[in-house]
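Asker: Numbering of the sequence shown is given in my numbering, commencing with residue 50 and proceeding in unit increments.
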Amino acid sequence: MSDIVTAIDRMMSETEVLSARVDEGEADGLGLAMLADKACRLAKASAGIARYMADTMRLLHGAHFKFRTLEEARGLASCVAGLFPEPQKYDIAICELLLNAVEHGNLGISFEEKSQLLASDGLDAEVARRLVMPPYAGRYATLQLERAPGIIQLTIRDEGEGFDWRPYLEFRPEGLHELHGRGIATARRLCFPELLYRGSGNEVTVTVVLSAPNNSELGNRVPERN
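1. For the alpha helix (DSSP H) that contains ARG237, what are its first and last residues?
2. Closer than 8 Å is the cut-off here; do at least three beta carbon pairs connect the stretch 163-170 with the stretch 106-114?
3. Between which two residues does the alpha helix (DSSP H) harbouring LEU124 extend?
4. Following the continuous alpha helix (DSSP H) through ARG107, name the residue where it begins and the one where it ends.
5. Sorted by chain position, which residues of the same chain lie with C-beta nearer than 6 Å to VAL257's C-beta, five sequence neighbours on each side aside?
6. Taking Cβ positions, are ASP207 and ALA190 nearer each other than 8 Å?
7. Use the C-beta contact count for ARG215: other C-beta atoms within 10 angstroms, 16 or more gives buried, fewer gives exposed.
8. Report the three-state DSSP secondary structure of VAL253 (helix, strand or coil).
9. So GLY211 and SER249 are supposed to be a Cβ contact under 8 Å. How far apart are they, rounded?
10. Roughly how many angstroms separate the alpha carbons of CYS144 and LEU125, rounded to a whole number?
11. Using CA coordinates, which residue listed in PRO184, THR204, ALA186 is at the minimum distance from GLN193?
12. Can you give me the Cβ contacts of VAL253 inside the same chain, cut-off strictly under 7 Å, excluding the 5 residues immediately before and after it?
13. At the level of alpha carbons, what is the spacing between PHE241 and GLU135?
14. Can you tell me whether LEU132 is buried or exposed, with buried defined as 16 or more other CB within 10 angstroms of its CB?
15. What's the gap between the Cα of ASP213 and the Cα of ALA236?
16. For LEU119, collect the residues of the same chain with a Cβ closer than 7 Å to its Cβ; drop the 5 residues on either side in sequence, then sort them by chain order.
17. Is ALA35 buried or exposed, if buried means 16 or more other CB atoms sit within 10 Å of its CB?
18. Within the same chain, show all residues whose beta-carbon is closer than 8 Å to that of GLY232, passing over the 5 residues directly before and after it, in chain order.
19. In angstroms, rounded to a whole number, what distance separates the CA positions of SER127 and HIS153?
Dropping the structure here:
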């Protein structure tokens, strides 16, 4: 695996050099052909790694992840989504829940604050600011993954004060023109019709039944959480 990553890094460096020559008008026909070849091989290698990671993730029976940034949340969502039959759809749904844990949970950005930040294009800067300031800097969100034959259960927790999730379970007519606020409803509509929130709202569990287990598998079911 490390050899593949090294080869991809080398191809990326070579591709950047060739791209710079093209941008500066220095590349001839041979240079353009080399650039196309490098880009094609890079795409194939990247696709190979994606397949490798997806196959490896399917070996998981359980895992515990910690994350604190939006980038980590997006990457984790894409990784875990590979366990499901429609990864692109689940990527969107899982990502919505993980981003909520960071933005609204750990960083304490309220609905109103996010609306203002989006309108002023200041959300990324505010997220970066809060990630390094107390009391937010030491907070982590977690994703607990439990897997049994035909079942995957995800539990997401953050260290925030929680919120009233009930108004966000459904798409609200009055929210259609707002810049955000539809993430939970989107996750429910796409993949998770049963979102189970606990406590103050800083923990949510979703359970996905992929197939009906046979009798020999019933002893391995994901345990119910109280």
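Even glycine gets a Cβ: it sits at the ideal position worked out from N, Cα and C. A quick note: this is a predicted structure, and the numbers were derived from the prediction, not measured.
Answerer: Short version:
1. ARG237 -> alpha helix (DSSP H) spans 232-239.
2. No contact exists between the stretch 163-170 and the stretch 106-114.
3. The question names Leu, but residue 124 in the sequence shown is Gly. Unbroken alpha helix (DSSP H) run through GLY124: 119-130.
4. Neither: ARG107 is in no alpha helix (DSSP H) and is coded neither H nor E.
5. ILE201
6. yes
7. exposed
8. strand
9. 3 Å
10. 8 Å
11. Among PRO184, THR204, ALA186, the Cα nearest to that of GLN193 belongs to THR204.
12. LEU146, ILE205, LEU244, LEU245, TYR246
13. 13 Å
14. buried
15. 17 Å
16. LEU148, VAL151, VAL176
17. Shown here, the chain extends from 50 to 275; a query on residue 35 therefore has no answer.
18. GLU145, LEU146, LEU148, ASN149, TYR217
19. 20 Å
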